[in-house]
Amino acid sequence: MMGKDCVLALDQGTTSTRCILFDEKGTPVVSHQQEHAQICPRPGWVEHDANEIWFCAQNVIREAAAKSPSSRPMALGITNQRETVVVWDKNTGEPVYNAIVWQCARTQDFCAEWQNTKGWEQSSTGSGKVKDKTGLLISNYFSGTKLKWILDNVPGAKDRAKRGDLLFGTIDTWLVWNLTGGVRGGIHATDVTNASRTLLMNIRALEWDEEMLDFLGIPASMLPRIEPSSHVYGETAKNVSFEAGIPISGVLGDQQAALFGQACFDQGMVKNTYGTGLFMLLNTGDVCASSQNGLLTTPAYSLKKGSCVYALEGSVAMGGATIQWLRDNLRIIDTAEDSEYFANKAKDSGGTYFVPAFSGLFAPYWDMGARGTLVGLTRYARKEHLIYAALESICYQTRDVLEAMQKDSRVKVSEMKVDGGAVANDTLMQMQADIAGLSVVRPMFRETTALGAAYAAGLAVGFWDSFESLRALWKKDRVFSSALTPEEREIKYKGWRKAIEKSRDWLSGE
Ligand code: ADP
0 MMGKDCVLAL DQGTTSTRCI LFDEKGTPVV SHQQEHAQIC PRPGWVEHDA NEIWFCAQNV
60 IREAAAKSPS SRPMALGITN QRETVVVWDK NTGEPVYNAI VWQCARTQDF CAEWQNTKGW
120 EQSSTGSGKV KDKTGLLISN YFSGTKLKWI LDNVPGAKDR AKRGDLLFGT IDTWLVWNLT
180 GGVRGGIHAT DVTNASRTLL MNIRALEWDE EMLDFLGIPA SMLPRIEPSS HVYGETAKNV
240 SFEAGIPISG VLGDQQAALF GQACFDQGMV KNTYGTGLFM LLNTGDVCAS SQNGLLTTPA
300 YSLKKGSCVY ALEGSVAMGG ATIQWLRDNL RIIDTAEDSE YFANKAKDSG GTYFVPAFSG
360 LFAPYWDMGA RGTLVGLTRY ARKEHLIYAA LESICYQTRD VLEAMQKDSR VKVSEMKVDG
420 GAVANDTLMQ MQADIAGLSV VRPMFRETTA LGAAYAAGLA VGFWDSFESL RALWKKDRVF
480 SSALTPEERE IKYKGWRKAI EKSRDWLSGE
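So in numbering that gives the first Met the number 0, the last spot in the sequence shown is 509, and the numbers never skip.
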């Protein structure tokens, strides 16, 4: 029997690694997933075992392939948790330390000092030299200070790095190096979207920035080559878990992969992911828009060395996690899905607003001293109203980010593509259309991150021939349109802005 051609997507996330095989229609054929350990040696520190991640990657590829023996992989695409750092010895392939995860706060104090260093001062919305160079903020979120920490704290690491024995990579780089043979000639490369999250890449030149490397004390010799996102990096080397000779031809950080998987290839197109947090990206084309409103500037993807399409990015800490909090802390719902049932019973929030600023407010406010608040309570309010207000908070926070994006890009957004676990909630999607005053478009296939990696990989090898064919693969499930008048919408939103003010600066002066 003839095999069926497919593209293999490897999705290496914060909690698990997944492999999905897609056929030429972009339909998932099979998938396999495996979790890895979260290592928390101290409060606020988060690590992963890089060897375990590599082991999981081999396993999920082998298991997925075994479920569909007639599928013939024509290309392999990688998407990954961004910002997480691995440093390893190129002669032995052994990591010198656990991978330091994006969530890890160990370099917070260094970042606080850095912000006050002459020449590097940063305004409350993040403006300053780091923003100009990298599109990012001085924050322990990004890779640069995590890499510095390893060099400064692992005995001998700095000298070994200077001698050229150590390599640095984000998770994509670690996987590409291992997949292409590791110590036996592995390719040391990354794509622009991953490189852009390190604090080390100049966002306009799309090259490593000498001044950033100098400041953080990072030898250039340990850095990977920066390549386009849709590009043949190399071929899989002989391995017991997969065939040799599969081109690795797509690499994208997870949020950029979701934008790509939503076929947001044109300037002005937006996707919002509703998972634990919310991640919105707006394609700004070849415009590297500098945000005055608390957003990050980031490459969306690159098809050609030295150029890229840019995006503005806004992240919100508490998205679906707000619903988890209702379930696990207040215990007023049993499952996340129940939130829809109760919201439908309530029909509105009974005049209440709920701001879930549990760990401060991220974009566009960046107020780490904000804390959660519930306002507008009367004796009329019931648990159903609070659940309704919690769902609305997801939509209002999205609108806040959208407003910032429209100001920064001067683009009027009329349609937003959505993905992530919480988009299964129809009531939430309708609220979003009402509160933001735009069409909310939900795709049939919601695993857009893996799909984006597959699209990028398939495009590079001619499995799919153009953006046109990828656009044709993307299938709409449902469009939610606003049922509110502009006046009704603004009255509701005004209440939200008042509630936000109550939550802000709660910890200041303590
Ligand atoms: P992540 O990738 O960040 O783990 P997912 O995309 O899997 O997140 O989405 C899970 C999140 O979505 C959880 O925070 C959960 O509370 C929320 N969620 C899932 N289903 C619903 C629902 N029907 N209504 C509201 N929130 C939901």
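Yeah, the Cβ is synthetic: ideal placement off N, Cα and C, and Gly gets one too.
Suppose you measure from the CA of residue i to the CA of residue j; what does that come to, to the nearest Å?
{"i": "GLU489", "j": "GLN261", "result": "29 angstroms"}
{"i": "GLY118", "j": "LEU325", "result": "44 angstroms"}
{"i": "LEU20", "j": "VAL440", "result": "25 angstroms"}
{"i": "TRP87", "j": "ASP347", "result": "54 angstroms"}
{"i": "MET430", "j": "GLU391", "result": "7 angstroms"}
{"i": "ILE137", "j": "GLN107", "result": "10 angstroms"}
{"i": "GLN121", "j": "ALA403", "result": "19 angstroms"}
{"i": "SER240", "j": "LEU9", "result": "14 angstroms"}
{"i": "THR179", "j": "ILE186", "result": "6 angstroms"}
{"i": "PHE259", "j": "ALA423", "result": "21 angstroms"}
{"i": "THR13", "j": "GLU446", "result": "15 angstroms"}
{"i": "GLY420", "j": "MET428", "result": "12 angstroms"}
{"i": "TYR340", "j": "THR426", "result": "9 angstroms"}
{"i": "LEU150", "j": "ASP158", "result": "9 angstroms"}
{"i": "GLY508", "j": "ALA356", "result": "Per-residue confidence for GLY508 stands at a pLDDT of 49, beneath the threshold of 50, marking its modelled position as unreliable; the derived number appears in the next sentence. Going by the C-alpha atoms only, they are around 18 angstroms apart."}
{"i": "GLY319", "j": "GLU206", "result": "36 angstroms"}
{"i": "LYS497", "j": "GLY276", "result": "22 angstroms"}
{"i": "MET0", "j": "ALA64", "result": "Note on MET0: pLDDT 43, under 50, position unreliable in the model; the coordinate value appears next. Cα-Cα distance, rounded: 16 angstroms."}
{"i": "LYS147", "j": "ASP208", "result": "15 angstroms"}
{"i": "SER338", "j": "THR377", "result": "21 angstroms"}
{"i": "VAL460", "j": "THR144", "result": "36 angstroms"}
{"i": "PHE214", "j": "LYS161", "result": "15 angstroms"}
{"i": "ALA243", "j": "GLN255", "result": "28 angstroms"}
{"i": "LEU401", "j": "LYS493", "result": "15 angstroms"}
{"i": "THR124", "j": "ASP265", "result": "27 angstroms"}
{"i": "PHE167", "j": "GLU467", "result": "36 angstroms"}
{"i": "GLY368", "j": "PHE361", "result": "11 angstroms"}
Cα-Cα, which of the options is closest to residue i?
{"i": "ASP131", "options": "SER290, LYS493, GLY305", "result": "SER290"}
{"i": "ALA194", "options": "LEU483, VAL354, THR169, ASN177", "result": "THR169"}
{"i": "ILE217", "options": "ASP464, PHE259, LEU165, ALA459", "result": "LEU165"}
{"i": "ALA432", "options": "GLY420, ILE393, ALA403", "result": "ILE393"}
{"i": "ILE386", "options": "GLU23, PHE353, ALA98, THR189", "result": "PHE353"}
{"i": "HIS230", "options": "GLY76, TRP473, PRO40", "result": "GLY76"}
{"i": "VAL478", "options": "GLY368, LEU450, LYS416", "result": "LYS416"}
{"i": "ARG203", "options": "PHE54, CYS287, ASN58, ARG378", "result": "CYS287"}
{"i": "GLU23", "options": "VAL6, ASN271, ALA256", "result": "VAL6"}
{"i": "ALA316", "options": "LYS344, ALA49, TYR140", "result": "TYR140"}
{"i": "ALA257", "options": "GLY267, SER438, ASN271, SER142", "result": "ASN271"}
{"i": "TYR309", "options": "MET268, LEU329, SER248, VAL85", "result": "MET268"}
{"i": "SER248", "options": "LEU212, THR189, TYR273", "result": "THR189"}
{"i": "GLN37", "options": "ALA449, LYS406, HIS47", "result": "HIS47"}
{"i": "ARG398", "options": "GLU414, GLU383, HIS384", "result": "GLU414"}
{"i": "ALA455", "options": "LYS474, GLY252, ASP333", "result": "GLY252"}
{"i": "VAL16", "options": "PRO42, TRP44, ASN58, ASN328", "result": "Note on residue identity: the sequence assigns Thr, not Val, to residue 16. Selected option, being the one with the closest Cα: ASN58."}
{"i": "ARG224", "options": "GLY305, GLN33, THR283", "result": "GLY305"}
Just to confirm, does residue i get its C-beta within under 7 angstroms of one of the non-hydrogen atoms of ligand 1?
{"i": "GLY313", "result": "no"}
{"i": "SER392", "result": "no"}
{"i": "SER348", "result": "no"}
{"i": "GLY420", "result": "yes"}
{"i": "LEU427", "result": "yes"}
{"i": "GLY274", "result": "yes"}
{"i": "ASN193", "result": "no"}
{"i": "ILE19", "result": "no"}
{"i": "ILE490", "result": "no"}
{"i": "ASN424", "result": "yes"}
{"i": "ILE331", "result": "no"}
{"i": "GLU383", "result": "no"}
{"i": "GLU339", "result": "yes"}
{"i": "ALA335", "result": "yes"}
{"i": "GLN323", "result": "yes"}
Tell me whether residue i, by its Cβ, gets closer than 7 angstroms to a heavy atom of ligand 2.
{"i": "GLY319", "result": "Ligands displayed in this structure: ligand 1; ligand 2 is not among them."}
Have a look at the DSSP bridge pairing and note the partners of residue i.
{"i": "PHE511", "result": "Nothing in the structure corresponds to residue 511, since the chain is present only between 0 and 509."}
{"i": "SER70", "result": "LYS3"}
{"i": "PRO27", "result": "PHE21"}
{"i": "PRO442", "result": "LYS475"}
{"i": "PRO94", "result": "TRP87"}
{"i": "LEU9", "result": "CYS18, ILE77"}
{"i": "ASN201", "result": "GLU206"}
* To do: Could you pull out every unbroken beta strand (DSSP E) segment of at least 3 residues lying fully inside the region 263-351, listed in chain order?
  => Listed in chain order, they are 269-273, 277-284, 295-303, 306-315.
* Fully enclosed by the region 132-173, which alpha helix (DSSP H) runs are 4 residues long or longer? -> 142-152, 156-161
* Completely contained beta strand (DSSP E) runs for the region 471-500, where each covers 3 or more residues -> Here the runs fully enclosed are 475-479.
* Taking the runs of the alpha helix (DSSP H) that are 4 residues or longer, which of them lie wholly in the region 212-271? -> 253-260
* To do: Please specify which runs of the alpha helix (DSSP H), each continuous and at least 4 residues long, are wholly inside the region 370-426, giving them in chain order.
  => Counting only runs that start and end inside the region 370-426, the alpha helix (DSSP H) elements of at least 4 residues fall at 382-408.
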